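2 protein chains.
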Amino acid sequence: MTNKHLTIGTLSRMTATKVETIRFYEKSGLLAKPARTEGNYRSYAPADLNRLSFIRRARDLGFSLDQIRVLLDLADDRSRSCEAVDEIAKEHLAEVERKIADLKALQRELDRLLSQCRCGTVAECRIIETLSPLPLEVN
Amino acid sequence: MTNKHLTIGTLSRMTATKVETIRFYEKSGLLAKPARTEGNYRSYAPADLNRLSFIRRARDLGFSLDQIRVLLDLADDRSRSCEAVDEIAKEHLAEVERKIADLKALQRELDRLLSQCRCGTVAECRIIETLSPLPLEVN
DNA sequence: AAGGTCCCTATAGTGACTACAGGGTTAGAT
DNA sequence: ATCTAACCCTGTAGTCACTATAGGGACCTT
Ligand SMILES: [Zn+2]
Ligand SMILES: [Zn+2]
Ligand SMILES: [Zn+2]
Ligand SMILES: [Zn+2]
Numbered sequence: 001m002t003n004k005h006l007t008i009g010t011l012s013r014m015t016a017t018k019v020e021t022i023r024f025y026e027k028s029g030l031l032a033k034p035a036r037t038e039g040n041y042r043s044y045a046p047a048d049l050n051r052l053s054f055i056r057r058a059r060d061l062g063f064s065l066d067q068i069r070v071l072l073d074l075a076d077d078r079s080r081s082c083e084a085v086d087e088i089a090k091e092h093l094a095e096v097e098r099k100i101a102d103l104k105a106l107q108r109e110l111d112r113l114l115s116q117c118r119c120g121t122v123a124e125c126r127i128i129e130t131l132s133p134l135p136l137e138v139n
Numbered sequence: 001m002t003n004k005h006l007t008i009g010t011l012s013r014m015t016a017t018k019v020e021t022i023r024f025y026e027k028s029g030l031l032a033k034p035a036r037t038e039g040n041y042r043s044y045a046p047a048d049l050n051r052l053s054f055i056r057r058a059r060d061l062g063f064s065l066d067q068i069r070v071l072l073d074l075a076d077d078r079s080r081s082c083e084a085v086d087e088i089a090k091e092h093l094a095e096v097e098r099k100i101a102d103l104k105a106l107q108r109e110l111d112r113l114l115s116q117c118r119c120g121t122v123a124e125c126r127i128i129e130t131l132s133p134l135p136l137e138v139n
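Residue numbers (full-length UniProt numbering), protein chains in the order written: chain A, 1 to 139; chain B, 1 to 139.
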């Protein structure tokens, strides 16, 4: 019953990954082309499950597919130093922190915008006014 | 010298928008198709500058083109209540706040990941280990 | 007349999927 | 044995907001 070979649907359920996404990872070179059954169905080994799980966890942490490609390559060479791994993670963390800062600035702007609205007509709406460079009648 | 009609390049410089982006906005229906010169060049009026400035400011604040389309429609009907405007802005603010929360959770995870690395070989790297579901030798 | 800068259309690429269309395969129930 | 639902296949196109070519035409200055 617990066959060593998995269908794409089983893999999909086990990793909470859509079938199309698995095929997309294959086309992108992140997953190797698996063996096929007589009926041309993809037939996955447990190692593929491991690899896909790795990819999904890394994606959940926001790593890009390019970064994951490198991480997977690095993971294969077990004896080398993990410096390069750290660097990718640090770089990603820095990017996340930059995005947070950008979004916080945005949040402040939007808060300010919203607090100014007195809820009248569009003509006197401070939100529209702030977005408009000049009176809109200038034509 | 200050001609009423602007070329796409002038508009581009005045709004810090790439020429291609302006043409893209036209194709997307955000900007009306402008008049053309004899040589088939786009010829913009000041109203187009206003509209493009509006779009760019709203984009800077992270509104989607769909949201901007609605905002522009609302802005045209000056006598109506600005409730709908507020709602779009509030919705957008909520989305920004959700993104910030998501990224902060990510930041914590990445911090934890990075703090655990003892900088040895890949075989003992906690980052790789955390991403891997099982020992990678399982094959 | 030549050169540089501007402008035109149309198409394809980005990232990371997602959603069809239009079929073939298989497992379980009848 | 047959049916049918659920699964799987390939290939293509769509998402968002642009960006980047390719291959030309227009305009201005010298
Ligand atoms: Zn209001
Ligand atoms: Zn308002
Ligand atoms: Zn380290
Ligand atoms: Zn490490």
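We treat Cβ as the ideally placed atom computed from N, Cα and C, and that holds for glycine.
As the structure is a prediction and not an experimental result, all values here were calculated from the model.
query: Whether I128/B touches A75/A by CB criterion (8 Å); result: yes
query: Nearest candidate by alpha-carbon position, reference L11/A, set G39/A, R56/A, D77/A, E38/A; result: R56/A
query: Unbroken alpha helix (DSSP H) run spanning T10/A, endpoints; result: 8-15
query: Three-state class that DSSP yields for I127/A in the structure shown; result: helix
query: From K99/B, L106/B, L110/B, residue whose alpha carbon lies closest to that of L106/A; result: K99/B
query: Residues near R36/A by beta carbon distance below 8 Å, same chain, minus five either side; result: R42, S43
query: Own chain partners of R80/A with C-beta closer than 8 Å, once the 5 adjacent residues on each side are dropped; result: L74
query: Coarse secondary structure for S28/A, derived from DSSP in three states; result: coil
query: 9 Å Cβ cut-off: residues of chain A touching A58/B; result: L131
query: Three CB pairs or more closer than 8 Å across the stretch 87-98 of chain A and the stretch 105-123 of chain B; result: yes
query: CB contact below 8 Å: residue 223/B versus chain A; result: No answer is possible for residue 223/B: it lies beyond the span of chain B, which begins at 1 and ends at 139.
query: Through-space distance from E124/B to P133/B, alpha-carbon basis; result: 14 Å
query: Reference H5/B, options G120/B, L49/B, D102/B, closest by Cα; result: L49/B
query: Test item: CB-CB of F24/A and L131/B under 8 Å; result: no
query: Residues near V122/A in its chain [Cβ-Cβ closer than 8 Å; skip 5 each side]; result: I128
query: Closest by C-alpha distance to E20/A, when choosing among I8/A, P34/A, M14/A, G29/A; result: I8/A
query: Among L31/A, D86/A, A101/A, the one whose alpha carbon lies nearest that of P46/A; result: L31/A
query: Residue-level contact to chain A via CB, A54/B, 8 Å cutoff; result: According to the sequence as given, residue 54/B is Phe; it is not Ala. It does; some Cβ of chain A falls within 8 Å.
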